[in-house]
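Peer 1: Structure incoming, see below.
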Amino acid sequence: MAERHYDVAVIGGGPAGYTAALYCARSGLTVAVLEKLSAGGQMATTDWVENYPGFDEGINGFELAQQMERQARRFGAESIYGEVTEAELSVSPKRMVSSEGVITADAVILATGAYPRELGLPDEGALRGRGVAYCATCDGMFYKGKTVVVAGGGNTAVEDALYLSKLCRKVYLVHRRDRLRAPASSRQTLEGNGVEILWNTRITGLRREKTLTGVELEDVASGARRELACDGLFVAVGRVPDTALFAGQVEMDGAGYLKADESTRTSVPGVFAAGDVRTKAVRQVVTAAADGAVAAHFAEEYLLALREGAEPL
Amino acid sequence: MTPISITKENFAQLVEGAETPVLVDFWAPWCGYCRRIAPVVDQLAQQYDGQLVVGKVNVDEQPELEERFQVEIIPTLLLFRDGKAGEPLVNPGSKAQIVDWAGL
Chain Y
136 MAERHYDVAV IGGGPAGYTA ALYCARSGLT VAVLEKLSAG GQMATTDWVE
186 NYPGFDEGIN GFELAQQMER QARRFGAESI YGEVTEAELS VSPKRMVSSE
236 GVITADAVIL ATGAYPRELG LPDEGALRGR GVAYCATCDG MFYKGKTVVV
286 AGGGNTAVED ALYLSKLCRK VYLVHRRDRL RAPASSRQTL EGNGVEILWN
336 TRITGLRREK TLTGVELEDV ASGARRELAC DGLFVAVGRV PDTALFAGQV
386 EMDGAGYLKA DESTRTSVPG VFAAGDVRTK AVRQVVTAAA DGAVAAHFAE
436 EYLLALREGA EPL
Chain R
3 MTPISITKEN FAQLVEGAET PVLVDFWAPW CGYCRRIAPV VDQLAQQYDG
53 QLVVGKVNVD EQPELEERFQ VEIIPTLLLF RDGKAGEPLV NPGSKAQIVD
103 WAGL
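So the sequence lines, in the order shown, correspond to chains Y and R.
The opening position of the first sequence corresponds to residue 136 in our numbering, with each subsequent residue numbered one higher.
The opening position of the second sequence corresponds to residue 3 in our numbering, with each subsequent residue numbered one higher.
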């Protein structure tokens, strides 16, 4: 496959990536979004986005993603459904090797987002889709009328447990601490919806036949062990930024998020970080979109300086 | 070509009788992951036009096909060569994974 060159390459097609592409394209830059599956990232697995302004009744996350892609495309942004396997960010032009060929670009916007953290238990990978799930709104329907366990104690775990309580026969929330990392009213709401919370408890193993049949639990305080039969386990124990590809090239914090301030500039000139992948306080669709616009602005500024032969910022 | 709709009535003709390999996507309208792979499945149908036929089975409407091919999870992709299904691919995470699996 031939090498293709763009002014700007965007890696990741979530709300940050497609907003960056929209702004770049409207500025007259050539831009390609490299996306391994389809538009939307984490947003595409959100059943109903209720806090993105302008959609007063809310909107399905996948549909919103499709609209963002179409909007960017209307101004000339391209989508390449390719998985990036190598990225050389310090050379000029910057070079990405993907399953759809080699792409070079003068500036790169990294918008790879984050993916759900695994519990790290034996057989967890093998049981994925066979009882172990990471997205309640995506997979909840498979467990209609069944017994499920939600692992975690933050906002996502609470929301997942509430969503599942409307579908499932019984929902347990297993949390290793004695309080939730979620609004104070959450506990009451959960219990009011029949969710049974197992405090100070961690999951130490998975029981299986062909699919998941139960989880092994350990009381954190006493060390007492027991088994809980269930059909599904929803893991909601945080997210991991998708930055392994950029290790050693772009500065990161201890958790692997790309270090960049509100300008989205990373430690590498001409490389910008937008959306959930960036070190920031609030990770929402709307802040991801905002990052995309900012990254496009500073990418354009960088390209102007580059073409005038000035030392780029 | 756009993906064709596969039913128990046309299965023998369109899949078993096809001269090219047939990639069949088992899906349902309520399945979020199925929607996510749909743009890639559509693109494969166009990109490999002539080499590959792409079909879709709505498992809500075609429970007989779902049962016959023991589809327990959706999306599941099956590749038929000479009318015979190979190893299924369950819930692929990228276009690259589908291309590798299908040997395209």
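All residues carry an ideal CB built from backbone N, CA and C; glycine is no exception.
Between the alpha carbons of residue 337 (chain Y) and residue 227 (chain Y), how many angstroms are there, rounded?
Peer 2: 49 Å
Peer 1: Check whether the region 255–263 of chain Y and the region 195–209 of chain Y are in contact - that is, three or more C-beta pairs closer than 8 Å.
Peer 2: no
Peer 1: Would you tell me roughly how many angstroms separate the C-alpha atoms of residue 7 (chain R) and residue 170 (chain Y), rounded to the nearest one?
Peer 2: 27 Å
Peer 1: I need the boundaries of the beta strand (DSSP E) containing residue 244 (chain Y), first residue and last residue.
Peer 2: 236–245
Peer 1: Compare the C-alpha of residue 441 (chain Y) against each of Y:241, Y:223, Y:189 and Y:190 and name the closest.
Peer 2: Ranked by how close their Cα comes to the Cα of residue 441 (chain Y), the residues Y:241, Y:223, Y:189 and Y:190 have Y:241 in first place.
Peer 1: If you compare alpha carbons, which of Y:293, Y:138, Y:288 and Y:421 is closest to residue 231 (chain Y)?
Peer 2: When Y:293, Y:138, Y:288 and Y:421 are compared, the shortest CA-CA separation from residue 231 (chain Y) is found for Y:138.
Peer 1: Could you tell me whether the region 310–321 of chain Y touches the region 388–401 of chain Y, where touching means 3 or more Cβ pairs closer than 8 Å?
Peer 2: no
Peer 1: Just to confirm my understanding: we take residue 164 (chain Y), look at its own chain, exclude 5 residues before and 5 after, and list those with CB closer than 6 Å. What are they?
Peer 2: 142 and 143
Peer 1: So, with DSSP's three-state summary, where would you put residue 203 (chain Y)?
Peer 2: Assigned with DSSP and collapsed to three states, residue 203 (chain Y) falls in helix.
Peer 1: According to DSSP, simplified to helix, strand and coil, what is residue 3 (chain R)?
Peer 2: It is coil, neither helix nor strand.
Peer 1: On the DSSP letters alone, give me the boundaries of the beta strand (DSSP E) that residue 307 (chain Y) sits inside.
Peer 2: 305–309
Peer 1: Please list, in chain order, all residues of the same chain as residue 88 (chain R) whose beta carbon is under 6 Å from its beta carbon, the five residues on each side excluded.
Peer 2: 81
Peer 1: Hey, is residue 259 (chain Y)'s beta-carbon within less than 8 Å of any beta-carbon in chain R?
Peer 2: no
Peer 1: Between the alpha carbons of residue 50 (chain R) and residue 35 (chain R), how many angstroms are there, rounded?
Peer 2: 23 Å
Peer 1: Using a Cβ-Cβ cut-off of 8 Å, state whether residue 256 (chain Y) counts as contacting chain R.
Peer 2: So, not an interface residue.
Peer 1: Counting only C-beta atoms, is residue 369 (chain Y) closer than 8 Å to chain R at any point?
Peer 2: no
Peer 1: Comparing the C-beta of residue 171 (chain Y) with each C-beta of chain R, is any distance below 8 Å?
Peer 2: yes
Peer 1: Below 9 Å on C-beta distance, what does residue 236 (chain Y) contact in chain R?
Peer 2: In chain order: nothing, as chain R lies at least about 12 Å away.
Peer 1: Measure the CB-CB distance between residue 350 (chain Y) and residue 317 (chain Y) and report whether it falls below 8 Å.
Peer 2: No.
Peer 1: Between which residues of its own chain and residue 182 (chain Y) is the CB-CB distance below 6 Å, once the five residues before and five after are set aside?
Peer 2: For residue 182 (chain Y), where only same-chain residues beyond five positions count, the Cβ hits under 6 Å are 272.
Peer 1: If I measure Cβ to Cβ from residue 361 (chain Y) and keep anything under 6 Å in the same chain, skipping five residues before and after, which residues do I get?
Peer 2: 352
Peer 1: Check the Cβ-Cβ distances between residue 159 (chain Y) and every residue of chain C, and say whether any is below 8 Å.
Peer 2: Absence of chain C from the displayed structure is noted, the protein chains being Y and R.
Peer 1: Could you give the distance in angstroms between the alpha-carbon of residue 92 (chain R) and the alpha-carbon of residue 78 (chain R)?
Peer 2: 4 Å
Peer 1: Quick one: any contact between the region 425–437 of chain Y and the region 40–54 of chain R, if contact means 3 or more CB pairs under 8 Å?
Peer 2: no
Peer 1: Anyone know if the C-beta pair for residue 405 (chain Y) and residue 426 (chain Y) falls short of 8 Å?
Peer 2: no
Peer 1: Quick check on residue 389 (chain Y): does DSSP put it in helix, strand or coil?
Peer 2: In this structure, residue 389 (chain Y) counts as coil in the three-state DSSP scheme.
Peer 1: May I ask you to report which of helix, strand or coil DSSP gives residue 95 (chain R)?
Peer 2: coil
Peer 1: Residue 269 (chain Y) touches chain R at which residues, Cβ-Cβ below 9 Å?
Peer 2: Near residue 269 (chain Y) there are no residues of chain R at all, since even the closest Cβ is about 11 Å away, more than 9 Å.
Peer 1: In chain R, which residues lie with their C-beta within 8 Å of the C-beta of residue 231 (chain Y)?
Peer 2: Simply none; closest approach about 14 Å.
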